[in-house]
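Undergrad: Chains as they are written, first to last, in our numbering: chain A, 32 to 147; chain B, 3 to 110.
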Amino acid sequence: EAGVTQSPTHLIKTRGQQATLRCSPISGHTSVYWYQQALGLGLQFLLWYDEGEERNRGNFPPRFSGRQFPNYSSELNVNALELEDSALYLCASSLGATTDFYYEQYFGPGTRLTVT
Amino acid sequence: AQSVTQLGSHVSVSEGALVLLRCNYSSSVPPYLFWYVQYPNQGLQLLLKYTTGATLVKGINGFEAEFKKSETSFHLTKPSAHMSDAAEYFCAVSPAYFGSGTKLNVKP
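#1: With the cut-off set at 8 Å, would you say A/VAL63 and A/SER96 are in Cβ contact?
#2: What residues in the region 80 to 103 of chain A have a beta carbon less than 7 Å from any beta carbon of chain B?
#3: Provide the residue(s) that pair with A/TYR120 in DSSP beta bridges, ordered along the chain.
#4: Can you list, in chain order, the residues of the region 79 to 100 of chain B whose Cβ is nearer than 7 Å to any Cβ on chain E?
#5: Name the one or two DSSP bridge partners that B/VAL15 has.
#6: Which of helix, strand or coil does DSSP assign to A/LEU126?
#7: Roughly how many angstroms separate the alpha carbons of A/ARG88 and A/TYR66, rounded to a whole number?
#8: Just checking my contact of A/GLY73 with B/GLY101 at CB under 8 Å: how many whole Å lie between their CB atoms?
#9: Please list, in chain order, all residues of the same chain as A/TYR103 whose beta carbon is under 6 Å from its beta carbon, the five residues on each side excluded.
#10: Going along chain B in order, which residues have a C-beta closer than 8 Å to the C-beta of A/LEU72?
#11: Determine the chain B residues that contact A/LEU121 at a beta-carbon separation under 8 Å, and present them in chain order.
#12: Near B/SER75, what residues of its chain come up, given a Cβ to Cβ distance below 6 Å and the 5 sequence neighbours on each side ignored?
#13: Would the beta-carbon of B/THR57 fall within 8 Å of that of B/VAL21?
#14: State buried or exposed for A/PHE100, treating a residue as buried only when at least 16 other CB atoms are found within 10 Å of its CB.
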């Protein structure tokens, strides 16, 4: 069974541009999570989608946004890129989590975003 | 609000020694707790999880963790370290809050 896939593997953008990152969850998983892993800062929670709806959002500015498609794949958009947005962006998927029950997450390999 | 604190960004042990990685959490609701491991240049994979029930949880590769509600802790242990355990370990609390990670170095 295929794991979580992310594309592209690497992405180089200049400051002020927009970046779009994509994620395909494991078949049967309806929840998708996005994280930012900057050097030395651990995993910072960005967004959680389930069944096409945004369930929760981390402490990031509105220029970080995303969506989940009917096939449960997801994309993360980062507008007006800043140098400090350079990081590894990880996507994870799980079975349909609710506010009362959470399943373990399965992670993709990540997209390395470099902003110059 | 939920949060996770991992004590010690770097831990170094000798091969064969006890591994102890510390995790404390804050949660306003009964927590679901997880430990993940990240090997160099790879994504994260689940080591073990606590949802409800038995407070001592066994995971893969000989790791285990004990949920202590009174101490709001979920420390990860392994009786005998192996060189292949060298990696970064993340503690997480539901829904999606991760600690800053602890890099484990295993000395021969």
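Glycine included, every Cβ here is placed at the ideal spot set by N, Cα and C.
TA: Quick look at the numbers:
#1: No, the Cβ-Cβ distance between A/VAL63 and A/SER96 is not below 8 Å.
#2: Of all residues in the region 80 to 103 of chain A, the ones placed with a Cβ closer than 7 Å to any Cβ belonging to chain B are ASN87, in chain order.
#3: Beta-bridge analysis with DSSP links A/TYR120 to A/GLN67 and A/THR142.
#4: In the displayed structure, chain E is absent; the protein chains listed are A and B.
#5: Assignment of beta-bridge partners to B/VAL15 by DSSP yields B/VAL108.
#6: Here DSSP, grouped into helix, strand and coil, assigns A/LEU126 to coil.
#7: Taking the straight line from one Cα to the other gives about 10 Å.
#8: Contact between A/GLY73 and B/GLY101 holds: their C-beta atoms lie close to 6 Å from each other, under 8 Å.
#9: If we look at A/TYR103 and ignore the five residues flanking it on each side, its Cβ neighbours are PRO56 and THR61.
#10: Near A/LEU72 (Cβ distances below 8 Å), the residues of chain B are SER102.
#11: By Cβ distance, chain B contributes GLY45 and LEU46.
#12: Once the five neighbours on either side are set aside, the close Cβ partners of B/SER75 are ASN26.
#13: It is not a contact, given that the beta carbons lie outside the stated cut-off.
#14: Classification of A/PHE100: exposed, given that the 10 Å Cβ count is below 16.
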